[in-house]
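The block underneath contains the structure these notes are about, expressed in structure tokens.
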Amino acid sequence: MSRYALHHLLVDILGSAAARSGLFSSGWEVFILLNPASGILARPSALAPLLERALAALPDGPGPLPRFCRAAYSHFPGHAVFQVRKAVRRRRGRLLIISCGGDGTHNEVLHGIRQEWEHAGDDVWLLRLPLGSGNDGADVGSLEEGVRRILSSHVVKPVPVYACTTARSASPRWGANVVSVGIDAFVSLVVNRVKARWGGRMPGTWYSTVGDLATLFYELVVPQRPVEVEVVSGRERVVLEDLFLIMAFGSSGGRTYGNGKPILPGRENLCLIRHAPLLRRLEVKNLLYRGEHGGRPEVRLLSAERVRIRSRVRLPVQLDGEAWWLGKEEFPLLIERVAAGCYVLA
27 MSRYALHHLL VDILGSAAAR SGLFSSGWEV FILLNPASGI LARPSALAPL LERALAALPD
87 GPGPLPRFCR AAYSHFPGHA VFQVRKAVRR RRGRLLIISC GGDGTHNEVL HGIRQEWEHA
147 GDDVWLLRLP LGSGNDGADV GSLEEGVRRI LSSHVVKPVP VYACTTARSA SPRWGANVVS
207 VGIDAFVSLV VNRVKARWGG RMPGTWYSTV GDLATLFYEL VVPQRPVEVE VVSGRERVVL
267 EDLFLIMAFG SSGGRTYGNG KPILPGRENL CLIRHAPLLR RLEVKNLLYR GEHGGRPEVR
327 LLSAERVRIR SRVRLPVQLD GEAWWLGKEE FPLLIERVAA GCYVLA
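Each number in the working numbering comes from the position in the sequence shown (counting from 1) with 26 added on.
Okay, here's the thing in structure tokens:
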């Protein structure tokens with residue numbers, strides 16, 4: 027089957043699951059958004075076996091798309107934001123948005139919901155399926171699990187998100203997983219550029235190699251200057267100033283990024299890693315990949331509701347897998363946690 031024929035089958039499977047769930051029999055609507063260029067959705071050989079397993083989870087196979095279901099593609103950066111905002115504004119009842127893609131697609135869907143929060147709130151639910159090249163922000167571990175959740179789940183849970191603003195922000199940038207500043211964001215920048223040259227894909231062994239090379243050259247690209255980090259948790263306020271290599275803030279603890287790397291392995295949602303000589307830095311990196319970095323003297327894990335970062339040099343930033351440079355004139359960077367930032371099918 028062609029890529030687009032497989033996409034149609036995916037939509038039919040999800041729509042049929044919704045039709046057979048008692049949840050959607052009373053005025054609900056379902057909007058399915060697909061990014062055809064996203065990871066698994068761009069590769070029929072990867073998508074087809076996932077659809078086979080999803081079909082096995084669907085009693086009696088798929089039927090025609092129910093009238094209360096609509097589907098749309100996201101064709102370019104920002105398109106998913108527009109599509110979701112339109113769906114939220116046009117809804118007549120409660121709405122479930124099923125995001126089919128990777129972390130970048132899910133982030134745009136979140137932006138669409140947050141930008142229409144007055145019209146959304148707890149009447150708009152979200153389910154993020156792991157169908158991209160990066161899936162740390164997905165709500166389920168597989169497409170099959172997503173189908174089973176639609177069939178069986180009649181509850182929703184509020185989940186935390188975070189808002190990022192800078193000295194020059196007109197509006198916040200939203201995230202649901204991890205925002206980080208420093209060497210890991212630089213690795214994301216380099217890896218994303220290499221992936222773009224490979225047509226969105228990159229051999230697994232190359233990913234680690236590119237990451238190691240980016241780590242080696244980071245200090246040649248980014249001057250090492252002290253960074254001030256103001257941490258607020260409840261009534262407590264702490265100001266730290268040091269040569270930080272990584273400053274990572276999660277919407278909660280227990281977060282992974284970079285395709286499964288447990289940067290926040292415990293309950294704490296802030297990880298600060300100070301500068302260290304190269305060999306020790308590589309040791310910390312290897313421990314971080316296993317979620318065992320918390321005991322190192324260079325590492326500090328904290329709980330935070332709000333963080334303000336001040337820097338006198340430009341620094342790389344990554345937010346839910348998307349990376350860019352933040353100029354020195356754009357600091358301070360303010361990151362704030364929102365406890366009930368969206369509602370997810372649970």
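Ideal Cβ placement from N, Cα and C applies to all residues, glycine included. Because the structure is a prediction, the values reported are computed rather than measured.
Neighbour-count burial assignment, residue i, 16 or more Cβ in a 10 Å radius
| i | result |
| --- | --- |
| Arg-180 | A small fix is needed here, since residue 180 is His in this sequence, not Arg. That one is exposed. |
| Met-273 | buried |
| Gly-167 | exposed |
| Glu-318 | exposed |
| Trp-200 | buried |
| Pro-323 | exposed |
| Gly-87 | exposed |
| Phe-212 | buried |
| Leu-246 | exposed |
| Ala-68 | buried |
| Val-339 | exposed |
| Arg-223 | exposed |
| Gly-147 | exposed |
| Ala-31 | exposed |
| Gly-89 | exposed |
| Gly-163 | buried |
| Ala-45 | buried |
| Arg-316 | exposed |
Residue i Cβ short of 7 Å to the ligand SAH heavy atom set
| i | result |
| --- | --- |
| Val-150 | This structure lacks the ligand SAH, and indeed carries no ligand of any kind. |
Proximity winner among the options, relative to residue i (alpha-carbon distances)
| i | options | result |
| --- | --- | --- |
| Gly-286 | Glu-324, Cys-95, Leu-35, Asn-203 | Asn-203 |
| Gly-160 | Pro-62, Ile-39, His-132, His-137 | His-132 |
| Phe-357 | Ser-195, Tyr-315, Gln-250, Ser-100 | Ser-195 |
| Leu-305 | Gly-347, Gly-260, Thr-241, Ser-278 | Thr-241 |
| Lys-311 | Leu-239, Tyr-99, Leu-40 | Leu-239 |
| Pro-198 | Val-207, Gly-208, Val-187 | Val-187 |
| Phe-57 | Leu-91, Glu-78, Ala-72, Arg-69 | Leu-91 |
| Gln-250 | Ile-209, Ile-289, Ser-42 | Ile-209 |
| Cys-368 | Leu-35, Ser-277, Ser-178 | Ser-277 |
| His-33 | Leu-157, Glu-309, Gly-48, Asp-162 | Leu-157 |
| Gly-347 | Glu-78, Ala-98, Gly-130, Leu-60 | Gly-130 |
| Arg-93 | Gly-138, Gln-141, Gly-41, Ser-47 | Gly-41 |
| Ala-349 | Leu-314, Ser-206, Glu-331, Glu-254 | Ser-206 |
| Val-253 | Ser-28, Leu-341, Ala-74 | Leu-341 |
| Glu-294 | Ala-365, Leu-59, Gly-320, Trp-351 | Gly-320 |
| Gly-128 | Leu-59, Thr-235, Ser-71, Ile-176 | Leu-59 |
| Val-343 | Leu-73, Glu-309, Arg-96, Val-248 | Val-248 |
| Ser-47 | Met-27, Ser-178, Arg-29 | Ser-178 |
| Ser-28 | Leu-308, Asn-61, Gly-53, Ser-71 | Ser-71 |
| Pro-291 | Arg-111, Phe-275, Ala-98 | Phe-275 |
| Arg-175 | Gly-89, Ala-43, Val-364, Lys-183 | Ala-43 |
| Ile-66 | Ala-45, Glu-55, Leu-49, Leu-36 | Leu-36 |
| Phe-243 | Arg-332, Val-257, Val-182, Arg-307 | Arg-307 |
| Ala-354 | Val-333, Ser-337, Arg-363 | It is Lys, not Ala, that sits at residue 354 in the sequence shown. Considering only alpha carbons, the answer is Ser-337. |
| Leu-327 | Arg-334, Gln-141, Val-257 | Val-257 |
| Ala-365 | Leu-49, Phe-108, Trp-54, Arg-332 | Arg-332 |
Coarse secondary structure for residue i, derived from DSSP in three states
| i | result |
| --- | --- |
| Gly-31 | First, the residue type needs correcting, since residue 31 is Ala and not Gly in the sequence shown. It is helical. |
| Ser-71 | helix |
| Gly-48 | helix |
| Ser-206 | strand |
| Val-217 | helix |
| Leu-60 | strand |
| Leu-269 | coil |
| Gly-260 | coil |
| Ala-240 | helix |
| Arg-199 | strand |
| Val-37 | helix |
| Val-248 | coil |
| Ala-365 | strand |
| Ala-372 | coil |
Residue-chain proximity (residue i, chain B), Cβ-Cβ < 8 Å
| i | result |
| --- | --- |
| Phe-357 | Included in the structure is just one protein chain, with no chain B present. |
(message) Taking 8 Å as the cut-off, does the region 123 to 132 touch the region 144 to 158 (at least 3 CB pairs, one atom from each stretch)?
(response) Judged by Cβ distances under 8 Å, the region 144 to 158 makes contact with the region 123 to 132, as three or more pairs qualify.
(request) Return the chain-ordered ranges of every alpha helix (DSSP H) run that is complete within the region 276 to 345 and spans a minimum of 4 residues. (result) Entirely contained in the region 276 to 345, the alpha helix (DSSP H) runs reaching 4 residues are, in chain order, 304 to 315.
(message) If we require 3 or more residues per run, which beta strand (DSSP E) segments fall completely within the region 78 to 165?
(response) Every beta strand (DSSP E) stretch that sits fully inside the region 78 to 165 and reaches 3 residues is listed by chain position as 95 to 99, 121 to 127, 150 to 156.
(message) Using 8 Å as the cut-off, can you tell me whether the region 107 to 115 makes contact with the region 70 to 82, which would need three or more C-beta pairs spanning the two stretches below that distance?
(response) They do not touch, by the three-pair rule.
(message) Using 8 Å as the cut-off, can you tell me whether the region 169 to 185 makes contact with the region 213 to 220, which would need three or more C-beta pairs spanning the two stretches below that distance?
(response) Below 8 Å, too few C-beta pairs join the region 169 to 185 and the region 213 to 220 to call them touching: fewer than three.
(message) For the region 291 to 310 against the region 258 to 269, do three or more pairs of beta-carbon atoms, one drawn from each stretch, fall closer than 8 Å, so that the two count as touching?
(response) Contact between the region 291 to 310 and the region 258 to 269 is present, because at least three Cβ pairs lie under 8 Å.
(request) Mind the definition here: the region 342 to 362 touches the region 174 to 193 only if three or more C-beta pairs lie below 8 Å; say whether that holds. (result) The region 342 to 362 is in contact with the region 174 to 193.
(message) Between the region 129 to 145 and the region 103 to 110, can you find at least three pairs of beta-carbon atoms closer than 8 Å?
(response) With the rule of 3 Cβ pairs closer than 8 Å, the region 103 to 110 counts as touching the region 129 to 145.
(message) Going residue by residue through the region 160 to 197, where are the continuous beta strand (DSSP E) segments of at least 3 residues, counting only ones entirely within it?
(response) Listed in chain order, they are 182 to 191.
(message) Would the region 256 to 263 count as touching the region 273 to 282 if we require 3 or more Cβ pairs under 8 Å?
(response) No, because fewer than three Cβ pairs between the region 256 to 263 and the region 273 to 282 fall closer than 8 Å, the two stretches do not touch.
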